[in-house]
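For reference, the structure is listed below as structure tokens.
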Amino acid sequence: MNKLLLSSIGATAAGALTLVSPADWSPRVRRAYIVVPGVLAASFSAMLLSRIVDRQAAVVSRVESVTEVPTDAAYPFPQRHPVAVRVAVPVLIGAATCGFQASSLWIDAALERGIVRFGAAHPRRWMAALAVAMSLGMDAIGERANTRTAQARPES
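Following my numbering, the numbering of the sequence shown begins with 3 at its first residue and continues without gaps.
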């Protein structure tokens, strides 16, 4: 698909979602907006950390079966992470995600109040236009960076 088409679809979705005011949401929906992404982020990070640890253990067991077990000082592979780290990292990632989601509600309300102070009759429409412009702008910046990176790479 064309990059411009994908960028336009993403910008349109961002604008349409911005038209919906979180102030109109029920408390249950607001809690879900904060908690669900945090749980998903924590679950995904726990899964990734588990895969990394399992892969490390597989590499270490293969090396140990082929060679003599090296001393701790010369051990070339990372040690297995303690259980506390394997639990704390996903919990912290989930908590940070929840904090980001909660702060986004506060930022949304503050932005809407600021636009109303400037005298706008329909602040959500201005916010949607800003979301569309920012989405298209970020896509253009990313595409330009990709083009520069591709040009800077030596041809092989």
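Ideal placement from N, C-alpha and C gives every residue a C-beta, glycine not left out. Keep in mind it's a predicted model, so treat the numbers as computed, not measured.
Outcome for Ala-86 when other beta-carbon atoms lying within 10 angstroms are tallied against a minimum of 16
exposed
Could you tell me the alpha carbon to alpha carbon distance between Arg-155 and Met-140, rounded to whole angstroms?
23 Å
Check whether the segment 133-149 touches the segment 8-21, taking contact to mean three or more Cβ pairs, one atom from each stretch, closer than 8 Å.
yes
Here's the rule: buried if 16 or more other CB atoms are within 10 angstroms of the residue's CB, otherwise exposed. What is Met-136?
exposed
At which residues does the alpha helix (DSSP H) containing Gly-121 begin and terminate?
No alpha helix (DSSP H) holds Gly-121; DSSP gives it neither H nor E.
What did DSSP end up calling Trp-27 once you bin it into helix, strand or coil?
coil
Kindly give me the distance between the Cβ atoms of Gly-96 and Val-41, rounded to whole angstroms, as I take these residues to be in contact under 8 Å.
6 Å
For Ile-11, does the three-state DSSP call read helix, strand or coil?
helix
Give the range of the alpha helix (DSSP H) segment to which Pro-125 is assigned.
125-154
Using CA coordinates, which residue listed in Thr-151, Gly-116, Thr-149 and Val-134 is at the minimum distance from Ala-18?
Val-134
Shortest alpha-carbon distance to Ala-48 belongs to which of Ala-90, Arg-33, Asp-26 and Ala-15?
Ala-90
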